[in-house]
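Asks: 2 is the number of the first residue of the sequence shown in this note's numbering; add one for each residue after it.
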Amino acid sequence: MTPRENAMAIFNRQQPDTYNNFMTSLAFVIDPIFARDAIPRDGKIHKDSWGTPFLFNPDAPGAHPMFDDDTAVIRDITKWREQLTVPDFEGLDWSQAEAKAKEVDREQNFCAFFCTRGLFERSHHLMGMQNAFMNYMLYPEEMADLLRVVADFKIETIKQVAQHLHPDVIFYHDDWGSKQNVFLPPDLWREIIKPLHTEIVKTAHDCGILFVHHADCICQPLVLDMVEMGIDIWQGVIPQNDIVEIQRITEGKLAMIGGIDGPAIDIANITEEQIRGEVRRAIDTYCPAGRFYPAIPNTRCFREWNNTIAQDEMQRYGIEWAQKHPILPGTDRPSGC
2 MTPRENAMAI FNRQQPDTYN NFMTSLAFVI DPIFARDAIP RDGKIHKDSW
52 GTPFLFNPDA PGAHPMFDDD TAVIRDITKW REQLTVPDFE GLDWSQAEAK
102 AKEVDREQNF CAFFCTRGLF ERSHHLMGMQ NAFMNYMLYP EEMADLLRVV
152 ADFKIETIKQ VAQHLHPDVI FYHDDWGSKQ NVFLPPDLWR EIIKPLHTEI
202 VKTAHDCGIL FVHHADCICQ PLVLDMVEMG IDIWQGVIPQ NDIVEIQRIT
252 EGKLAMIGGI DGPAIDIANI TEEQIRGEVR RAIDTYCPAG RFYPAIPNTR
302 CFREWNNTIA QDEMQRYGIE WAQKHPILPG TDRPSGC
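(1) Starting from K48, follow the beta strand (DSSP E) in both directions and report where the run begins and ends.
(2) Over the uninterrupted beta strand (DSSP E) stretch that includes A28, give me the two end residues.
(3) How should K155 be labelled, buried or exposed, when 16 other C-beta atoms within 10 angstroms of its C-beta is the threshold for buried?
(4) Secondary structure at M257, three-state DSSP: helix, strand or coil?
(5) Of all the options A145, A28, I261, which has the alpha carbon lying nearest to the alpha carbon of K101?
(6) Between which two residues does the alpha helix (DSSP H) containing L120 stretch?
(7) In angstroms, rounded to a whole number, what distance separates the CA positions of L223 and E142?
(8) State whether the region 266 to 279 contacts the region 221 to 235, with contact taken as three or more CB pairs (one from each stretch) at a distance under 8 Å.
(9) On the criterion of 16 or more Cβ atoms from any shown chain inside 10 Å, does Q164 qualify as buried, or is it exposed?
(10) Have a look at F23, S26, D49 and flag the residue whose alpha-carbon is nearest the alpha-carbon of P33.
(11) Could you spell out where the beta strand (DSSP E) holding L166 opens and where it closes?
(12) Helix or strand or just coil, what does DSSP make of C208?
(13) Excluding five sequence neighbours on each side, which residues of the same chain lie with their C-beta closer than 6 Å to the C-beta of F68?
(14) Tell me the DSSP secondary structure of C288 in three-state form.
(15) In chain order, what residues of the same chain lie with their CB nearer than 7 Å to the CB of T309, ignoring the 5 residues before and after it?
(16) Can you find at least 3 beta carbon pairs, one from the region 166 to 177 and one from the region 212 to 223, that sit closer than 8 Å?
(17) Tell me, please, which residues DSSP counts as bridged to Y294.
(18) For Q236, which three-state DSSP category applies?
(19) Could you tell me how far apart the beta carbons of P295 and M315 are, in whole angstroms, since I believe they sit closer than 8 Å?
(20) Taking the C-alpha atoms as reference points, what is the distance between D89 and R282?
(21) Roughly how far, in whole angstroms, is the beta-carbon of I194 from the beta-carbon of L148, given that I think they are within contact range, below 8 Å?
(22) Within the continuous beta strand (DSSP E) that includes A36, where are the two ends?
Structure, rendered in structure tokens:
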């Protein structure tokens, strides 16, 4: 099987060659909308196209917003329309991205694109996390109006990328929680974010794009909503969620990627067997329900030795598990489970 065929076999509850990370089947193309927000990894502050200052230190895993109440883009939520300038789509050069998209062998891989800083993340990038929390609670109408504008930008982004690159998969990023809980009260999230995110997902589907939602955090209180919104695959599922219970209550309607406790194995003074044991635990525990791709939720360990062992065990044990638990004719789950 090609990586694409294997990924779709798991997605469609058919027999795969291996149970492995869906991400290995993606060939990412960097589009100019995403590229203009790339922050140099130079330890200096740079603003993205929305005006948010970011800092990306050379030894950091990612860029972080760096501002205070005086330098935030939105300093008063009641005056957000005067303070916010939404980037436009004029003058973008799509030629390199179009050429890269044409080079993707779509029998082998999915052509994919990044769409990061989703509705919730963009909101706190514009005003700060603390102010965002307070504004969601005290000014829900203003926040809803602001997110309407952000959602329209996301929708147009998807349409533009679809027109120029004809991608198969969108990798959409919006963390809705921490390692302990969701950030917003679920009812408030359902009132403000869910309807707009549903439109974003529908736009992708209307363009023939599979929707992969990245959120390496607790999302368990929202998983039935994720099914209702039409999210195809949840990427970044940390084991602090009760994954087996999620598989039960969603009735297999939400494919998932993750399950391996990355921070637990990305440490010094850990043995090779402990790393391999955590990978095997995740595969043994979550793959029996089907539609599950074992992976480290943030995709890799940052310690190279740890990562090499983890990736090797995923490849080795993923093949072994598929061979020992074939999907029998007339069933949709691995045998013996």
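Where a beta carbon is used, it is the ideal one built from N, C-alpha and C, also for glycine.
Predicted model only: the values in this text are computed from it and were never measured.
Replies: From the atom records:
(1) The sequence position of residue 48 within the sequence shown is 47, counting from 1. Here the beta strand (DSSP E) through K48 covers 46 to 48.
(2) Counting from 1 along the sequence shown, the entry for residue 28 is found at position 27. Element bounds for A28: 27 to 29.
(3) For the purposes of this step, residue 155 is identified with residue 154 of the sequence shown, where counting begins at 1. Buried, by the Cβ-count rule.
(4) Position 256 of the sequence shown holds residue 257. Strand at M257.
(5) Against the sequence shown, residue 101 aligns to sequence position 100. Looking at the Cα atoms, A28 is the closest of the given residues.
(6) In the sequence shown, residue 120 corresponds to position 119, counting from 1. Taken as a continuous stretch (DSSP letters only), the alpha helix (DSSP H) holding L120 covers 120 to 128.
(7) Along the sequence shown, read from residue 1 onward, the residue named residue 223 stands at position 222. Along the sequence shown, read from residue 1 onward, the residue named residue 142 stands at position 141. Each residue's Cα considered, the two are about 21 Å apart.
(8) no
(9) As a first step, residue 164 is located in the sequence shown; it is residue number 163 there, counting from the start. Exposed, because fewer than 16 other Cβ atoms sit within 10 Å of the Cβ of Q164.
(10) What you label residue 33 is simply residue 32 of the sequence shown in a count that begins at 1. Closest by alpha carbon: D49.
(11) In the sequence shown, counting from the first residue as 1, residue 166 sits at position 165. Per DSSP, L166 belongs to no beta strand (DSSP E); it is in the alpha helix (DSSP H), 141 to 166.
(12) One-based indexing of the sequence shown puts residue 208 at position 207. Three-state DSSP puts C208 in coil, outside helix and strand.
(13) To locate residue 68, count along the sequence shown from 1; it is residue 67. If we look at F68 and ignore the five residues flanking it on each side, its Cβ neighbours are P54.
(14) Residue mapping note: residue 288 aligns to position 287 of the sequence shown, counting from 1. Residue state, collapsed to three classes: helix.
(15) Counting from one through the sequence shown, the residue named residue 309 turns up at place 308. Same-chain partners within the cutoff: there are none.
(16) yes
(17) For the purposes of this step, residue 294 is identified with residue 293 of the sequence shown, where counting begins at 1. Y294 pairs with I258.
(18) Translated into positions along the sequence shown, residue 236 becomes position 235. Of the three classes helix, strand and coil, the one that applies to Q236 here is strand, per DSSP.
(19) By 1-based counting over the sequence shown, the position of residue 295 is 294. By 1-based counting over the sequence shown, the position of residue 315 is 314. Correct: roughly 6 Å between the Cβ atoms.
(20) Here residue 89 refers to the residue found at position 88 of the sequence shown. Here residue 282 refers to the residue found at position 281 of the sequence shown. If I take the Cα positions, the gap works out to 47 Å.
(21) Stepping through the sequence shown from its first residue, residue 194 is reached at position 193. Stepping through the sequence shown from its first residue, residue 148 is reached at position 147. Contact between I194 and L148 is confirmed by a C-beta separation of about 7 Å, below the 8 Å threshold.
(22) Reading the sequence shown from its first residue, position 35 is the one you call residue 36. No beta strand (DSSP E) holds A36; the alpha helix (DSSP H) holding it covers 33 to 36.
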